[in-house]
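Residue numbers (the numbering used here): 3 to 207.
Encoded structure:
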C-alpha cells in the first residue's frame, strides 16, 4: 500500500524537477532573444542594402547595427544565426517535454493515491500544511498549459522572422519573445512560494 510519506517524497522530487525545467527554459529564452535580435538586425541591414535611401532615416536611429552590408556576409551570418535559434527552440522543446512527463507522473501519483489512500485523502486532506495532493497536480498542469501555448508562439515567431522586414513588426516580435506573454510569471511565483512554504513546514517537523 502506498504510504503518505512516499507520496510526499515523490511529489517533492517531481516539483523540484518541474521547477528546474522552467529555470532552464528561462535561460534558453534569454539566449534566444540575443540571437533573434541579431537576426532582426541582419534583416534590417539587408533592407538597407537594397533600399538605402528609403530606410536611411529609420535605420539611423537603430543601435548596434553593423556597418558591413555585403550581401554575401549578411546571408552567411543570417544562415548561421537562424540555425542557432532553431537549436535554442529545440532545447526549449526538450525542457517542455520534461515538464510534460513530470505532469504525467504527478497525475499517475494522484491515481495511485486515490487507489491506496482514498479520495478524501487525495482531494481534501492537506498533504503537507494546507494543500491536498490534487491542488499541487492541478496547479502544475495549469502552468504546463502556459508553456504549451508559449512554445507554439515561439514557433510562430521563428517562422515570422524569415518574412518580416518592417521595423515596427520586428520590435513586436522581439518584445513577444522577451516577455513571453502566454506565461503568467506571477501565478508561477505564487505557486513556487506555496510549494516552498508547504515543503519547508513538513521538513521542519
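Virtual Cβ for every residue (Gly too), placed ideally from N, Cα, C.
Bear in mind the structure is a predicted one, so any value in this text is a computation, not a measurement.
| query | result |
| --- | --- |
| Alpha helix (DSSP H) runs wholly inside the segment 105 to 130, at least 4 long, in chain order | 121 to 125 |
| Beta-carbon gap between residue 90 and residue 30 smaller than 8 Å | yes |
| Closest by C-alpha distance to residue 108, when choosing among 162, 46, 140 | 140 |
| Cβ-based neighbour list, residue 153, same chain, cut-off 8 Å, excluding 5 preceding and 5 following | 94, 95, 98 |
| Closest by C-alpha distance to residue 158, when choosing among 127, 38, 190, 124 | 38 |
| DSSP three-state assignment for residue 132, whether helix, strand or coil | coil |
| Cβ-Cβ distance between residue 115 and residue 146 below 8 Å | no |
| Buried/exposed call for residue 2, threshold 16 Cβ in 10 Å | Beyond the ends of the chain as shown, which are 3 and 207, falls residue 2; an answer cannot be given. |
| Reference residue 151, options 3, 127, 178, closest by Cα | 178 |
| Inter-stretch contact at 8 Å, needing at least 3 Cβ pairs: the segment 190 to 204 / the segment 125 to 134 | yes |
| Environment of residue 142 [buried if 16+ CB atoms lie within 10 Å] | buried |
| Reduced DSSP category for residue 166 - H, G, I as helix; E, B as strand; rest coil | coil |
| Proximity winner among 100, 112, 173, relative to residue 8 (alpha-carbon distances) | 112 |
| Buried versus exposed, by CB contacts within 10 Å (16 or more), residue 21 | buried |
| Cβ shell of residue 87 (< 7 Å), same chain only, five flanking positions each side left out | 34, 37, 38, 41, 160 |
| Where residue 172 falls: helix, strand or coil (DSSP) | helix |
| Whole-angstrom distance between residue 85 and residue 185, CA atom to CA atom | 25 Å |
| Residue 193 versus residue 103: straight-line alpha-carbon distance, rounded | 19 Å |
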